[in-house]
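The block underneath contains the structure these notes are about, expressed in structure tokens.
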Amino acid sequence: MLHSWRNLDHVPRSAYQSWIMAQNIMGVKDKKKWGKPNWLCHITEEISREAKRWGTKEVLVRHPADNVRSTFIFKNSSHRDGAIYKRSFALRKLCRVTDRDEMRDYVDSLLNYIVKRSRDDPIIAQQGSLIEMTGPKRGIAMNSPVLVEFDMRIKTGDKEEDDLTLIDGATDYCNLTIPSVSFTNRINGDCGAVDITLARIYNAVEATIDVLILKVQNGFNLSLSSFVLVGGSDQEIPLFRGTTAESCGLRRYVIAVKMDTWMQLKFKVSQNGSKNDHLERSCYFKANIHGCACQQIVLQHAALSVKVTWSTVPA
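This is the structure we're talking about:
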């Protein structure tokens, strides 16, 4: 079971340069060897650490030829031992690290969590599982380098001190070099790895998505994905997958969408216990600087209301 203490991004924001992000679990291993039988998955990858150099700590992983590049992790940026809060962390002054588990941006000094799950509500994951993002709550700008902090642990029992560290540290992405097409980086840790997929979208606005389940006849399975134009092709961003049996509202989602393009929201609905019999419905919204649009989807099992609010954020 995985829980995150800090998986966040703290950056100044711009209306025209935004990110989309997704994370995947690549594997979990025991402290001493891969593939311990009572763990979540079996893995055959071998990790080796390279000597520390140039002020950073680089972890090299020998994987099959999957073309996923390992990301750099800043030296002395770990949270569990408190190193990131000490003077030894090179970006401490620049990033305004406080005595709490926070960093703040230059717009409103609020946190912007990508994933945040408590130890009491961990993720049940297997190798290759998608980590459902709980954020961001606002746009992620790229008018300056972006610092991404992460602290994910593996719950092993009742005591917090017995938890294993999956990934822990901080990395950054430069606004001058990040591509405008989606790409994947691998964050390696002592007990596994997490893949993070990102893309920079130029001339983008924020789409805030609110979904209400209005009427429910029977419990049903629901999955929701957003499709947006990234680097000349449509990219899927999984937003929600779960079961519901009553009227409720889903978590609010914020997506970056290129101006004057269309965002597709695809809903897949099936009855509980049914794996093959499902319905698909889509609705489309054109990106705009401001305003909102609403649509309703009426299905056999339920009625859904979708509202998309467009906005920009001052830099």
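If you read the sequence shown in my numbering, its first letter stands for residue -8, the second for the next number, and so on.
Cβ coordinates follow ideal geometry from the N, Cα and C atoms, glycine included.
Simplified DSSP assignment, three categories, for G282
Position 291 of the sequence shown, counting from 1, holds the residue named residue 282. Three-state DSSP puts G282 in a strand.
What are the complete beta strand (DSSP E) segments, minimum 3 residues, inside the stretch 207 to 269?
211 to 221, 224 to 235, 244 to 249, 253 to 262
Mapping the DSSP letters down to three states, classify I145 as helix, strand or coil.
Residue 145 sits at position 154 when you count from the first residue of the sequence shown. I145 falls in the strand class under three-state DSSP.
Return yes when the Cβ of L230 is within less than 8 angstroms of the Cβ of K249, no when it is not.
Working through the sequence shown from its first residue, we reach residue 249 at position 258. Working through the sequence shown from its first residue, we reach residue 230 at position 239. Cβ atoms of K249 and L230: not closer than 8 angstroms.
Of the residues Y104, T147, T199, which one's Cα is nearest the Cα of A278?
Within the sequence shown, the letter at position 287 stands for residue 278. The shortest Cα separation from A278 among Y104, T147, T199 belongs to T199.
Whose C-beta lies closer than 8 angstroms to the C-beta of H269 among residues of the same chain, with five residues either side of it excluded?
Counted from its first residue, the sequence shown places residue 269 at position 278. If we look at H269 and ignore the five residues flanking it on each side, its Cβ neighbours are N212, K259, V260, S261.
Helix, strand or coil at T201 [DSSP, three-state]:
Taking the sequence shown and counting its residues from 1, the one referred to as residue 201 is at position 210. The residue asked about is misnamed: residue 201 is Asp in this sequence, not Thr. DSSP places D201 in strand when its eight states are reduced to three.
Neighbour-count burial assignment, I64, 16 or more Cβ in a 10 Å radius:
The residue given as residue 64 occupies position 73 in the sequence shown. So I64 ends up on the buried side.
Residue span of the beta strand (DSSP E) that contains N307, given as start and end
The chain is shown from -8 up to 306; residue 307 falls before or after that span and cannot be answered.
Rounded separation between G180 and A195 - CA only:
Against the sequence shown, residue 180 aligns to sequence position 189. Against the sequence shown, residue 195 aligns to sequence position 204. Rounded to whole angstroms, G180 to A195 spans 33 angstroms at the Cα level.
Please say whether R71 and R177 have beta carbons closer to each other than 8 angstroms?
Locating residue 177 in the sequence shown gives position 186, counting from the first residue. Locating residue 71 in the sequence shown gives position 80, counting from the first residue. No; because the gap between Cβ atoms is not below 8 angstroms, this pair is not in contact.
With burial defined as no fewer than 16 other Cβ atoms inside 10 Å of the residue's Cβ, what is the status of S224: buried or exposed?
In the sequence shown, counting from the first residue as 1, residue 224 sits at position 233. It is exposed - the Cβ of S224 has fewer than 16 other Cβ atoms within 10 Å.
Can you find the residues in the same chain that come closer than 7 angstroms, C-beta to C-beta, to K298, ignoring five residues on each side of it along the sequence?
Position 307 of the sequence shown holds residue 298. Result list for K298: D201, C283, C285, in chain order.
Using CA coordinates, which residue listed in I187, Q255, T235, D111 is at the minimum distance from L121?
The sequence position of residue 121 within the sequence shown is 130, counting from 1. Considering only alpha carbons, the answer is I187.
If we call anything under 8 angstroms between Cβ atoms a contact, is R108 one with I114?
The count along the sequence shown starts at 1 and reaches residue 108 at position 117. The count along the sequence shown starts at 1 and reaches residue 114 at position 123. Taking 8 angstroms as the Cβ cut-off, R108 and I114 qualify as a contacting pair.
Can you tell me whether N67 is buried or exposed, with buried defined as 16 or more other CB within 10 angstroms of its CB?
Your numbering for residue 67 matches position 76 in the sequence shown. Per the 10 Å Cβ criterion, buried.
In the DSSP assignment, find the unbroken beta strand (DSSP E) run with L155 in it and report its ends.
Here the question's residue 155 lines up with position 164 in the sequence shown. Start and end: 155 to 164.
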